[in-house]
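Each remark here refers to the structure printed beneath this line.
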Amino acid sequence: MQRIPTPIEQLIIEHGIIERVLHALSGMSQRLDRGEHIQPSAFYRIFDFLVDFADRRHHRKEERCLFPALGLQGVPRDTGPLGMLLQEHCTGRALIAQMKRAASALGNGDPAAAAQFAELARTYVELLREHIQKENNVLFRLAGKLLDERSLQSVQDDFDEAEPDLAAAHVRYQHEAEELERAWAL
151 MQRIPTPIEQ LIIEHGIIER VLHALSGMSQ RLDRGEHIQP SAFYRIFDFL
201 VDFADRRHHR KEERCLFPAL GLQGVPRDTG PLGMLLQEHC TGRALIAQMK
251 RAASALGNGD PAAAAQFAEL ARTYVELLRE HIQKENNVLF RLAGKLLDER
301 SLQSVQDDFD EAEPDLAAAH VRYQHEAEEL ERAWAL
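With the working numbering as the guide, the letters of the sequence shown map in order to residues 151 to 336.
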């Protein structure tokens, strides 16, 4: 029988899925820098993934399940690591909104929008790659020390409630991330 990943392991798996799409987004920005044309549908496929998987699913589980469990162990939410990570989630959302505007302008024929999108994409990719490293190497290690079996089961119960289709979602988004990476990564 296969062991079910812990909540922390699930988040790390999701980071790997997100990193594939960051690789695709990085390739997309490099192609724009080289003057290549990209169909607007490609931008929106990336946005759909980032908004639905990275933010609505992954970040929501962190913000509504893991971070409160750490708060119960005395980790302050508004300062320190959690405060910084929450701020980075907000910054990421703002960058996605800016990329959407730049993609729309590019689709409407604004030649300056390609460089703007590429710069925003590089900023977003760098932010999320560093963010993932902080979570994997600092926050999740801290969680491993602070959360006992009972606390982890509570986080898992919250995950199950927040995302009852977790296993199917991982397969679906892993497939989508692989397709995006194949299409756009350089």
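Glycine included, each C-beta is placed from N, C-alpha and C at the ideal position. Please read all numbers here as calculations on a predicted model, not as lab measurements.
What do you reckon, are the CB atoms on residue i and residue j nearer than 8 Å?
| i | j | result |
| --- | --- | --- |
| residue 308 | residue 214 | yes |
| residue 304 | residue 219 | yes |
| residue 167 | residue 323 | yes |
| residue 170 | residue 328 | yes |
| residue 223 | residue 296 | yes |
| residue 235 | residue 285 | yes |
| residue 277 | residue 229 | no |
| residue 264 | residue 336 | no |
| residue 178 | residue 196 | yes |
| residue 282 | residue 209 | no |
Might you give, ordered along the chain, the residues of its own chain that have their beta carbon closer than 6 Å to the beta carbon of residue i, omitting 5 neighbours on each side?
| i | result |
| --- | --- |
| residue 211 | 309 and 312 |
| residue 331 | 170, 173 and 174 |
| residue 334 | 174, 177 and 178 |
Three-state secondary structure (DSSP) at residue i?
| i | result |
| --- | --- |
| residue 246 | helix |
| residue 325 | helix |
| residue 205 | helix |
| residue 227 | coil |
| residue 184 | coil |
| residue 342 | For residue 342 there is no data in the structure shown, the boundaries of the chain being 151 and 336. |
| residue 196 | helix |
Can you round the beta-carbon distance between residue i and residue j to whole angstroms, since I take them to be within the 8 Å contact cut?
| i | j | result |
| --- | --- | --- |
| residue 246 | residue 175 | So it is not a contact: roughly 10 Å between Cβ atoms. |
| residue 207 | residue 318 | Their Cβ separation, rounded to whole angstroms, is 12 Å, which puts residue 207 and residue 318 out of contact at 8 Å. |
| residue 205 | residue 251 | Contact flag wrong, Cβ pair sits at about 17 Å. |
| residue 302 | residue 156 | 6 Å |
Here's a check: name, in chain order, each residue in its chain whose Cβ is nearer than 7 Å to the Cβ of residue i, leaving out the five neighbours to either side.
| i | result |
| --- | --- |
| residue 190 | 253 and 257 |
For residue i, is the classification buried or exposed, using 16 other Cβ atoms within 10 angstroms of its Cβ as the cut-off for buried?
| i | result |
| --- | --- |
| residue 299 | exposed |
| residue 154 | exposed |
| residue 321 | exposed |
| residue 187 | exposed |
| residue 271 | buried |
| residue 268 | buried |
Examine the ligand GTP and report whether any of its heavy atoms sits within less than 7 Å of the Cβ of residue i.
| i | result |
| --- | --- |
| residue 176 | The model on display carries no ligand, and the ligand GTP is accordingly not part of it. |
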